[in-house]
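Trainee:
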Amino acid sequence: MAQLGSVRVRFAPSPTGELHIGGARTALFNYLFARANKGTFILRIDDTDLERSRDDYTEALLEAMRWLGLDWDEGPYYQSRHLEDYRSEANRLLEEGKAYRCFCTPEELAEGREQARKAGKPYLYPGTCRELPPEKIEARLQEGHSHVLRLRIPVGGETVVDDLIRSQVRFSNRDLDDFIIIKSNGSPTYNFASVVDDEALKITDVIRAEEHLSNTPRQQICLEALGYKKPRYAHVPMILAPDRSKLSKRHGATSVEEFRSDGYLPEALINYMALLGWSPGEEEIIPLSKMITLFSLERVNKTAAIYDTTKLTWMNGQYLRMITRERLAAEALPFYEDAGLLQTPLEGEAAEYYQRVAAAVHDRVRTLAEMAAASTYFYRQVDSYDDKGVKKHFRKEGSAALLRRAADTLRTLEPFALDTIEAAYRSLSEELGVSTGRLIHPTRLAISGRTMGPGLFEIIVLLGRETTVERLEKAALWIEQEQG
RNA sequence: GGCCCCUUCGUCUAAUCGGUGAGGACACCAGCCUUUCAAGCUGGCAGCAGGGGUUCAAAUCCCCUAGGGGUCACCA
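Residue numbers for the first sequence follow this note's numbering, beginning at 684 and rising by one.
(1) Report the residue ranges of all alpha helix (DSSP H) runs contained in full by the segment 706–759; include only those spanning at least 4 residues, in chain order.
(2) Taking the beta carbon of residue 737 as the centre, do at least 16 other beta carbons fall within 10 Å, making it buried, or is it exposed?
(3) Is the segment 1152–1159 touching the segment 1076–1090 in the sense that three or more CB pairs, one from each, lie closer than 8 Å?
(4) Looking only at C-alpha atoms, which of 1004, 732, 970 and 960 sits nearest to residue 986?
(5) Helix, strand or coil: which one does DSSP assign to residue 892?
(6) Looking at the structure shown, is residue 785 part of a helix, part of a strand, or coil, going by DSSP?
(7) Alpha carbon to alpha carbon, what distance is there between residue 1136 and residue 1066?
(8) Cβ atoms of residue 886 and residue 692: under 8 Å apart, would you say?
(9) Using 8 Å as the Cβ pair cut-off and three pairs as the minimum, do the segment 992–1010 and the segment 724–739 touch?
(10) Pop quiz: residue 1143 and residue 1104 are said to be a contact at Cβ under 8 Å. What is the actual Cβ separation, rounded to whole angstroms?
(11) Can you find the residues in the same chain that come closer than 8 Å, C-beta to C-beta, to residue 989, ignoring five residues on each side of it along the sequence?
(12) Determine the DSSP secondary structure at residue 703, reduced to helix, strand or coil.
(13) Mind checking which residues open and close the beta strand (DSSP E) that includes residue 851?
(14) Exposed or buried, which one is residue 697 when buried takes at least 16 other CB atoms within 10 Å?
(15) Along the chain, where does the beta strand (DSSP E) that runs through residue 1050 open and close?
(16) What number of angstroms, rounded off, separates the C-alpha of residue 1148 from the C-alpha of residue 1090?
(17) Which value, in whole angstroms, describes the spacing of the CA atoms of residue 712 and residue 1126?
(18) Check the DSSP bridge columns for residue 693 and list the partner residues they point to.
(19) Note down the Cα distance separating residue 708 from residue 920, rounded to an integer number of angstroms.
(20) Under 8 Å by Cβ, that's how I've got residue 776 and residue 834 pegged, so tell me the actual separation to the nearest angstrom.
(21) At the level of alpha carbons, what is the spacing between residue 914 and residue 889?
(22) Relative to the alpha-carbon of residue 1163, which residue among 1111, 1100, 1095 and 1078 has its alpha-carbon at the smallest distance?
(23) Are the segment 1053–1065 and the segment 1010–1020 touching, with three or more C-beta to C-beta distances below 8 Å?
(24) Would you report the Cα separation of residue 899 and residue 973, rounded to the nearest angstrom?
(25) Quick check on the burial criterion: 16 or more other C-beta atoms within 10 angstroms. Buried or exposed for residue 757?
(26) Determine the burial state of residue 1166: buried for a count of at least 16 other Cβ atoms within 10 Å of its Cβ, exposed for fewer.
(27) In the DSSP assignment, find the unbroken beta strand (DSSP E) run with residue 1220 in it and report its ends.
(28) Per DSSP, residue 929 forms a beta bridge with which residues?
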């Protein structure tokens, strides 16, 4: 059925900041909808605001989209390159009397707004220039007054937005005013450019954030005036910050770029975002390919969601354990480099060592950044011991001696391998008449400085005989000195 | 303030056309497993914003109240 009028959707961000989680999810829903319906996913850059748009934001936006894996089929299109089209469409409206020139100055308008505010009344453009006689317009033009173009809103009646998620939403035209479609500098406003572009791109379904719902009646009136075919609309709920307010910079990590540099995997972020406002049922971990088969706008809910990194972090841990060792090592590498643990490019033994460290550590972390943080002692000396660990495992009578015995055992052990080390530890503990744990815990603290981490024998093998023995003795010395 | 949208555990959510002990996930707590920490497994805690209707029966339909969000720019 969706065969004929094949679906075309667009994600149309404005390059005035980083791509945040709300925008990214809107992009994702557009993407899923397009893929689920075998339609076309278009990327358009809404950069009509010359003042605030920046090229570096555009580039970052594209990069974020690529990183997330939201590949688009067409575009990116840039609104700033179609300025002429908007002007000619606006002129059409002007000629047909559906739009008119307005010479009111920003100051005059601001004053009107101020008065309305003081009086506690809603402000609507009073229509000062709506019925200006032609000769007056001509005169103002001659005098060189700058002007904008405003759309003539029908005086009565109502405009009904048919929304796929919220069904019918009615707006009384009385509450709408003749809004500006072309600014005095000749560039279009968002509501106008958006309508013209959606038509030019033959967009069938406009899927965007709920904040646009209130603007939709204006756009509908506008596209009716232009004689365009109306697209279907779907306004997805907003994503709110933990304090229920609109997302902004002060809320910590909210941009895709930040999540990336905090060590999240794109598929985890995608999965997490998808579940914010959409649910296929009881499943939680859903790969993108599966999402596509399950996605429908009918299952998108109406309620704004508060994002919560706790669940995202859990999910990231799930994905971290699912990906291949090769991929994991590759993804984590920059984090090790940033932490100053190693330098790329990695070659030979260093590369192999890194792979093994990554494999040893990855089971117990939830982000790539945590992974690097959990690996420091594989690359650096142990310069401090965990306080609680010291209390529990070092301060006990005979700990130093225990460590020296362990060091002695390892020094001559042949071969030096996982199973032989473990066997040696078990027989040593038996020989000394202590539990294996009594030997294992201080050893871990001595060679890693921590009380937690990968299996002890795994660490020992990785560190090697020399380093292990060295650290054991250093710890023994430290204990003796501490005890005076 | 006008207009618009929304309201199920702390958070994300499920509950086909009204009948459920209101389900799942994260987090939290407890236990198991275990050389530690995770992971995993088992169990627990916890919710229909409030008030009126309609109905044999309401989380579900209607109304009101409250709360939250959005929008009212020569921003997008």
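Even for Gly, the Cβ is constructed at its ideal location relative to N, Cα and C. All values reported here derive from a predicted model rather than from experimental measurement.
Mentor: So, from the listed chains and residues:
(1) 738–751
(2) As a position in the first sequence, residue 737 is number 54, starting the count at 1. Classification of residue 737: exposed, given that the 10 Å Cβ count is below 16.
(3) yes
(4) Taking the first sequence and counting its residues from 1, one reaches residue 986 at position 303. Out of 1004, 732, 970 and 960, 960 has the C-alpha closest to the C-alpha of residue 986.
(5) Sequence index remark: in the first sequence, residue 892 carries index 209 (1-based). Reduced to three states, the DSSP call for residue 892 is strand.
(6) Counting from one through the first sequence, the residue named residue 785 turns up at place 102. Looking at residue 785 - three-state DSSP - the assignment turns out to be strand.
(7) As a working mapping, residue 1066 is identified with position 383 in the first sequence. As a working mapping, residue 1136 is identified with position 453 in the first sequence. Approximately 17 Å between the Cα atoms of the pair.
(8) Position 9 of the first sequence, counting from 1, holds the residue named residue 692. Position 203 of the first sequence, counting from 1, holds the residue named residue 886. Yes, these two residues count as a Cβ contact at 8 Å.
(9) no
(10) Start at 1 with the first residue of the first sequence, and residue 1143 comes out as number 460. Start at 1 with the first residue of the first sequence, and residue 1104 comes out as number 421. Right, the Cβ-Cβ distance comes to about 5 Å (below 8 Å), so this counts as a contact.
(11) Within the first sequence, the letter at position 306 stands for residue 989. Contacts found: 922, 923, 924, 925 and 927.
(12) Position 20 of the first sequence, counting from 1, holds the residue named residue 703. Reduced to three states, the DSSP call for residue 703 is strand.
(13) Position 168 of the first sequence, counted from the start, is the residue given in the question as residue 851. It spans 850–855 - the beta strand (DSSP E) in which residue 851 sits, taken as one unbroken run.
(14) Against the first sequence, residue 697 aligns to sequence position 14. Buried, by the Cβ-count rule.
(15) Stepping through the first sequence from its first residue, residue 1050 is reached at position 367. Unbroken run through residue 1050: none, as it is neither H nor E.
(16) The residue labelled residue 1148 in the question sits at position 465 within the first sequence. The residue labelled residue 1090 in the question sits at position 407 within the first sequence. Cα-Cα distance, rounded: 9 Å.
(17) As a working note, residue 712 is residue 29 in the first sequence. As a working note, residue 1126 is residue 443 in the first sequence. Spanning the two alpha carbons is a distance of roughly 51 Å.
(18) Walking along the first sequence from the start, residue 693 turns up at place 10. Bridge partners of residue 693: 725.
(19) Along the first sequence, one-based indexing puts residue 708 at 25. Along the first sequence, one-based indexing puts residue 920 at 237. Distance between the alpha carbons of residue 708 and residue 920: 10 Å.
(20) Stepping through the first sequence from its first residue, residue 776 is reached at position 93. Stepping through the first sequence from its first residue, residue 834 is reached at position 151. Yes, residue 776 and residue 834 are in contact; Cβ-Cβ is about 7 Å, under 8 Å.
(21) Indexing the first sequence from 1 puts residue 914 at position 231. Indexing the first sequence from 1 puts residue 889 at position 206. Using only the alpha carbons, I get a separation of about 7 Å.
(22) One-based indexing of the first sequence puts residue 1163 at position 480. When each option's Cα is compared against that of residue 1163, the closest is 1078.
(23) yes
(24) Indexing the first sequence from 1 puts residue 899 at position 216. Indexing the first sequence from 1 puts residue 973 at position 290. Going from the Cα of residue 899 to the Cα of residue 973 covers about 32 Å.
(25) As a position in the first sequence, residue 757 is number 74, starting the count at 1. Flag for residue 757 reads exposed.
(26) Within the first sequence, residue 1166 is the residue found at index 483, counting from 1. Under this definition residue 1166 is an exposed residue.
(27) There is simply no residue 1220 to check, as the chain begins at 684 and stops at 1167 in what is shown.
(28) Locating residue 929 in the first sequence gives position 246, counting from the first residue. Paired residues: 923.
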